[in-house]
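Engineer:
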């Protein structure tokens, strides 16, 4: 019996050991399968070119323009007011301060009502239109969005409101500059009336003729260049380049001041009475504020925080310092 059981167990063991051998042989045998080449994929249809996304204002550019605008405001009030106030006699100091202060406020309001529209919207070669009367169309209350203004670089824009404010400071200080030409010789009401009229009929046309264009993003090729150039201001079409107001601000105000001084005439007692400046410390403070404010005036005219702005900044810094030394040595 024991021999039978031993024989059975031996047979089972042999069968169990032989099973892996057969399995390995089966596994090692290569499996031949017929491979059919996959059909070539049809060429993908090129998707339509996506529409170019509208430029979005850069926060850095916007921040710089906010600062530049504040610097130009500081040039006028208190900078220009203190500069002129210190140069006149003490009895007229408050008059000069009030004239500069009131002119700045008056021109800012007129700029928002119609000035910006006449200077920086499409009209004809000499004056703009009324598309932005009362600043309409800049803010969309339905979407809460603000329109953008072009700069000098393709694809670079800034919120139009800050462009409005920046240019308002240029207009206001230009009119205020003329005050020095007829200081102590005009009544307050006459100064305000003159300021409103000169701003409307002298500053706005010159600003439009020199500065207005539709921006670089509107120019796609030679054909659109011709079309967009035809929409620009007259002097811009002629190739006039005024980066920071050399024509619109300084030549414009200088001519007005010269004519104004000629029309009003000399101060009563001029050449007979002492008319020395009453407070040169005040004038010095005003001049220093003008120097600081000019960094916003000139570098801000680049309309973005980039290489052009830094060039204008450096030129303003070095040239003004050199002029101070020249004045001291004269």
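Residue numbers (the numbering used here): 1 to 330. Yeah, the Cβ is synthetic: ideal placement off N, Cα and C, and Gly gets one too.
Please report the distance separating the alpha-carbon of residue 314 from that of residue 300.
Structural biologist: Taking the straight line from one Cα to the other gives about 13 angstroms.
Engineer: Could you pull out every residue in the same chain whose Cβ sits closer than 7 angstroms to the Cβ of residue 215, ignoring the five residues on either side in sequence?
Structural biologist: Counting only Cβ-Cβ distances below 7 angstroms, and skipping sequence neighbours, we find 150.
Engineer: From residue 235 to residue 211, what does the alpha carbon distance come to, in whole angstroms?
Structural biologist: Rounded to the nearest angstrom, the two C-alpha atoms are 8 angstroms apart.
Engineer: Mind checking residue 263: buried by the 16 CB within 10 Å criterion, or exposed?
Structural biologist: Residue 263 comes out exposed.
Engineer: Return yes when the Cβ of residue 75 is within less than 8 angstroms of the Cβ of residue 162, no when it is not.
Structural biologist: It is not a contact, given that the beta carbons lie outside the stated cut-off.
Engineer: According to DSSP, simplified to helix, strand and coil, what is residue 6?
Structural biologist: Reliability of the predicted coordinates at residue 6 is poor, the pLDDT of 43 falling under 50, and the value obtained from them is presented with this limitation in mind. Helix, per DSSP.
Engineer: Checking the sheet assignment: what are the DSSP bridge partners for residue 148?
Structural biologist: In the DSSP output, where bridge partners are listed per residue, residue 148 has 159.
Engineer: Three Cβ pairs or more, each shorter than 8 angstroms: is that satisfied between the region 76 to 86 and the region 97 to 112?
Structural biologist: The region 76 to 86 is in contact with the region 97 to 112.
Engineer: Name the DSSP bridge partner or partners of residue 139?
Structural biologist: Note: residue 139 sits in a beta bridge opposite 146.
Engineer: Under DSSP, the alpha helix (DSSP H) around residue 320 begins and ends at which residues?
Structural biologist: It spans 307 to 329 - the alpha helix (DSSP H) in which residue 320 sits, taken as one unbroken run.
Engineer: For residue 273, list the residues DSSP reports as bridge partners.
Structural biologist: DSSP lists 270 as partners of residue 273.
Engineer: Report the CB separation of residue 82 from residue 286 in whole angstroms; it is logged as a contact under 8 angstroms.
Structural biologist: Indeed they touch by this definition, with Cβ atoms about 3 angstroms apart.
Engineer: With a 10 Å radius around its C-beta and 16 neighbouring C-beta atoms as the bar for buried, classify residue 325 as buried or exposed.
Structural biologist: Counting Cβ neighbours within 10 Å, residue 325 comes out exposed, since fewer than 16 surround it.
Engineer: What separation, rounded to the nearest whole angstrom, lies between the Cα atoms of residue 156 and residue 306?
Structural biologist: Using only the alpha carbons, I get a separation of about 11 angstroms.
Engineer: Report yes if the C-beta distance between residue 247 and residue 256 is below 8 angstroms; otherwise report no.
Structural biologist: For residue 247 and residue 256, no; Cβs fall outside 8 angstroms.
Engineer: Given residue 198, which residues of its chain have a CB within under 8 angstroms of its CB, disregarding the five upstream and five downstream residues?
Structural biologist: Only 175, 178 and 256 meet the Cβ criterion.
Engineer: Pick helix, strand or coil for residue 127, following the three-state DSSP scheme.
Structural biologist: The answer is coil: DSSP assigns residue 127 none of H, G, I, E or B.
Engineer: Where does residue 121 sit, in a helix, a strand or coil, going by DSSP?
Structural biologist: In this structure, residue 121 counts as coil in the three-state DSSP scheme.
Engineer: Can you tell me whether DSSP reads residue 216 as helix, strand or coil?
Structural biologist: Here residue 216 sits in helix by DSSP.
Engineer: Quick one: residues in its chain with C-beta nearer than 6 angstroms to the C-beta of residue 294, no 5 flanking neighbours on either side, listed in chain order?
Structural biologist: Counting only Cβ-Cβ distances below 6 angstroms, and skipping sequence neighbours, we find 316.
Engineer: Which same chain residues, not among the five before or five after residue 112, have their C-beta less than 8 angstroms away from its C-beta?
Structural biologist: Closer than 8 angstroms at Cβ, skipping near neighbours: 134, 135, 164 and 168.
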